[in-house]
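Anchor point for the sequence shown: position 36 equals 165 in the working numbering, and the numbering is continuous, going up by one each time. Report on the structure given below.
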Amino acid sequence: MNLLKEKIIEHGRVIGNDILKVDSFLNHQLDIDILNEIGKEFKKRFENSKIDKIITAEVSGIAIATIAAQYFNVPVVFAKKTESKNLDSETYEGEVFSYTKDKMYKIRISKRYINSGENILIIDDFLANGQAILGLKEIVDKANANLVGVGIVIEKGFQDGGKLLREAGINIESLAIVDSMSEGQIIFR
Ligand code: 5GP
């Protein structure tokens with residue numbers, strides 16, 4: 130998606146070897162025009178699939194999934210990272226290993242909001258090692274729902290997640306794949 134690539138080149142900041150910061154339009158300040166284009170592009174990429182629901186993880190996935198959902202006309206459910214009294218005690222849980230924090234954490238969705246047989250599209254901001262998507266997939270599988278595909282805004286193609294998930298047979302659509310990056314230079318696939 131060229132518009133997205135231009136935006137990444139203009140605004141993206143490379144931190145260390147492998148972190149791409151896109152806070153000015155995706156992860157902190159939200160550029161609604163580009164989010165709308167991202168939403169339309171996801172709709173185009175999954176045009177021929179029946180989607181009943183979009184799921185994502187808090188926090189960064191929510192805005193992207195919500196705007197995309199307007200083009201699919203389906204609800205969004207976001208997995209929560211913290212347990213709280215107001216989350217139904219009946220939840221499906223998924224485990225996520227965070228390489229950046231070097232620890233496991235759990236994400237959860239109430240059993241009320243994901244049902245057996247539903248066709249699910251997962252949407253997230255970044256794909257790095259694939260652990261966040263695997264945690265969401267675990268929830269979809271536990272609910273006996275059907276994972277139709279995964280929509281990713283930015284895939285870091287030099288990390289293992291894309292390969293791991295595609296080899297597992299998951300249908301992944303990434304709108305921009307970064308093959309390599311260093312300060313001042315971002316190369317797309
Ligand atoms: P994974 O589970 O695929 O290793 O990492 C995916 C999650 O980590 C994404 O949901 C995203 O929040 C975060 N993440 C991983 N790499 C980056 C990055 O380079 N930049 C930003 N902003 N977030 C990242």
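Every residue, glycine too, gets a C-beta built ideally from N, C-alpha and C. Computed from a predicted model, the values in this text were never measured in an experiment.
Paired residues, beta bridge with residue i - DSSP
| i | result |
| --- | --- |
| VAL307 | LYS285, PHE317 |
| GLU222 | ARG237 |
| ARG295 | BP columns for ARG295 are empty, so no partner. |
| PHE255 | ILE283 |
| LEU149 | VAL143 |
| SER227 | LYS232 |
Proximity winner among the options, relative to residue i (alpha-carbon distances)
| i | options | result |
| --- | --- | --- |
| ILE163 | ILE251, LEU133, ASN258, TYR234 | LEU133 |
| ARG174 | ILE161, ILE191, ALA197, VAL188 | ALA197 |
| ILE238 | PHE226, VAL205, SER311, LYS232 | VAL205 |
| MET310 | ILE243, LEU149, ASN156, MET130 | LEU149 |
| GLY278 | PHE287, PHE154, ILE262, GLU212 | ILE262 |
| GLY81 | MET233, LYS182, ASN156, TYR200 | In the structure as shown, the chain begins at 130 and stops at 318. Residue 81 is therefore absent and cannot be evaluated. |
Sub-9 Å separation of residue i and residue j beta-carbons
| i | j | result |
| --- | --- | --- |
| ASN275 | GLU247 | yes |
| THR185 | LEU265 | yes |
| LYS285 | LEU256 | yes |
| ILE236 | ALA192 | no |
| ILE251 | ILE243 | no |
| TYR228 | GLN260 | yes |
| GLU296 | GLY280 | no |
| LEU304 | ILE167 | yes |
Exposure of residue i, with buried meaning 16 or more beta-carbon neighbours within 10 Å
| i | result |
| --- | --- |
| GLU314 | Looking at the sequence shown, residue 314 is not Glu but Gln. So GLN314 counts as exposed. |
| ALA272 | buried |
| GLY145 | exposed |
Write down every uninterrupted run of the beta strand (DSSP E) in the stretch 169 to 217 whose length is 3 residues or greater and which is fully enclosed by it, in chain order. 182 to 186, 205 to 208
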